[in-house]
Amino acid sequence: MTGIRNIVILTGAGISAESGIDTFRSAGGLWENHRVEDVATPEAFARDPHLVQRFYDMRRAAIQEKLPNPAHFALARLDAEWKGGLLVVTQNVDDLHERAGSRRLLHMHGEHLKAWCTLCDIRHPWRGPLAGNPPCPSCGAHALRPDVVWFGEMPYRMGEIYAALREVDLFVSIGTSGAVYPAAGFVQNAVELGAQTLELNLEASQGSHMFHESRLGPASEVVTAWVEEILGA
Ligand code: NAD
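First residue of the sequence shown? That's 24 in our numbering, and the numbers climb one at a time after it.
Below you can see the structure in the form of structure tokens.
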């Protein structure tokens with residue numbers, strides 16, 4: 024790969040799988056024994072806020088027990104050593120990229136470790152449960168929800184993502200099924216602008232045919248090898 028200056032990397036649940044965090048689509052179509060519609064939509068929250076808060080409370084507690092894996096560390100090394108432009112756009116709501124040391128990073132689907140007050144619109148760092156309906160530290164209202172983007176809601180920071188994609192020379196997709204839009208469409212944007220595109224995934228995804236190259240294998244291996252390669256080039 025020559026002539027590469029600006030890199031955009033999209034990561035999905037697959038990069039955190041080897042850290043012990045479940046991906047989204049299990050064989051039965053359930054996410055930790057729940058249907059997506061029951062826990063990850065605004066309608067579900069309106070219908071049964073306690074169930075949704077409990078589900079996210081469990082996941083928020085669980086991710087704090089997990090550790091970054093070699094794939095997260097490889098991307099942090101790339102961040103530290105790559106002199107050109109770099110942006111890691113993660114769909115993940117865990118904090119394993121930042122714990123590994125990534126800095127040029129944005130969370131397009133929000134973060135487990137934040138709570139959002141729907142009354143005063145302020146976001147707070149949050150590690151404990153929300154199911155007891157605690158007050159917002161800023162305004163005191165009992166209107167906190169997980170700061171995650173649910174199905175049917177607008178992802179965060181799309182302007183910054185599309186600005187980075189307009190300048191991209193190499194677009195890399197890691198551990199994502201290519202099923203959730205708008206993230207699944209980023210490869211198309213990159214191709215139309217003449218960028219090279221690479222997929223790193225455990226198995227071919229729905230969108231594999233759109234990439235110039237696919238390398239299959241566990242993220243801890245294929246991401247580490249690719250970072251070695253691009254930094255050595
Ligand atoms: P997904 O579950 O739809 O797809 C996971 C992808 O990861 C698949 O393509 C699978 O082949 C691949 N994969 C599994 N194990 C892998 C490994 N060891 N190495 C490399 N690849 C591996 O996930 P998605 O595409 O990210 O979309 C689901 C949505 O769910 C996202 O929007 C995200 O917000 C959310 N989610 C986040 C987390 C997290 O924060 N860790 C976990 C689950 C779901």
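Backbone N, C-alpha and C define an ideal beta-carbon position, used for all residues, glycine too.
As the structure is a computational prediction, the values presented were derived from the model and not from experiment.
{"Check": "With DSSP run on the structure shown, which of helix, strand or coil describes Leu167?", "Outcome": "strand"}
{"Check": "Just the C-alpha distance for Lys137 and Tyr204, rounded to the nearest angstrom, thanks.", "Outcome": "23 Å"}
{"Check": "Does the beta-carbon of Ala131 have 16 or more other beta-carbons within 10 angstroms, so that it is buried, or is it exposed?", "Outcome": "The displayed chain sequence assigns Met, not Ala, to residue 131. Buried, by the Cβ-count rule."}
{"Check": "For the ligand NAD, I want to know if Asn212 counts as a neighbour, meaning its beta carbon is within less than 7 Å of at least one of the ligand's heavy atoms.", "Outcome": "no"}
{"Check": "Over what stretch of residues does the beta strand (DSSP E) that includes Gly133 continue unbroken?", "Outcome": "133-140"}
{"Check": "Between the C-alpha atoms of Val210 and Arg146, what's the straight-line distance to the nearest angstrom?", "Outcome": "31 Å"}
{"Check": "Is Gly175 near the ligand NAD, with its Cβ less than 7 Å from a heavy atom?", "Outcome": "no"}
{"Check": "Going by the DSSP bridge assignment, what does Thr247 pair with across the sheet?", "Outcome": "DSSP output for Thr247 lists no bridge partner at all."}
{"Check": "Under three-state DSSP, which class holds Val116?", "Outcome": "coil"}
{"Check": "Using 7 Å as the cut-off, classify the Cβ of Phe47 as near or not near the heavy atoms of the ligand NAD, replying yes or no.", "Outcome": "yes"}
{"Check": "Strictly by DSSP, which residues pair up with Glu222?", "Outcome": "Ser196, Ser237"}
{"Check": "Could you check what DSSP says for Arg146 in three-state terms: helix, strand or coil?", "Outcome": "strand"}
{"Check": "I need the boundaries of the beta strand (DSSP E) containing Leu128, first residue and last residue.", "Outcome": "128-130"}
{"Check": "Can you tell me whether DSSP reads Leu111 as helix, strand or coil?", "Outcome": "Here the sequence assigns Val to residue 111, which means Leu is not the residue at that position. Val111: strand per DSSP, three-state reduction."}
{"Check": "Assess, as a yes-or-no matter, whether the region 189-200 is touched by the region 155-174 under the definition of 3 or more beta carbon pairs within less than 8 Å.", "Outcome": "no"}
{"Check": "When you compare the CB positions of Leu260 and Leu188, do they come within less than 8 Å of one another, or not?", "Outcome": "It is not possible to answer for residue 260, since the shown part of the chain is limited to 24 through 256."}
{"Check": "Out of Leu119, Ser161, Glu226, state which residue places its alpha-carbon closest to the alpha-carbon of Ser42.", "Outcome": "Leu119"}
{"Check": "Within 8 Å, do at least three Cβ pairs link the region 111-127 to the region 30-41?", "Outcome": "yes"}
{"Check": "CB of Ala202 to nearest heavy atom of the ligand NAD: below 7 Å?", "Outcome": "yes"}
{"Check": "Cβ of His232 within 7 Å of any heavy atom in the ligand NAD?", "Outcome": "no"}
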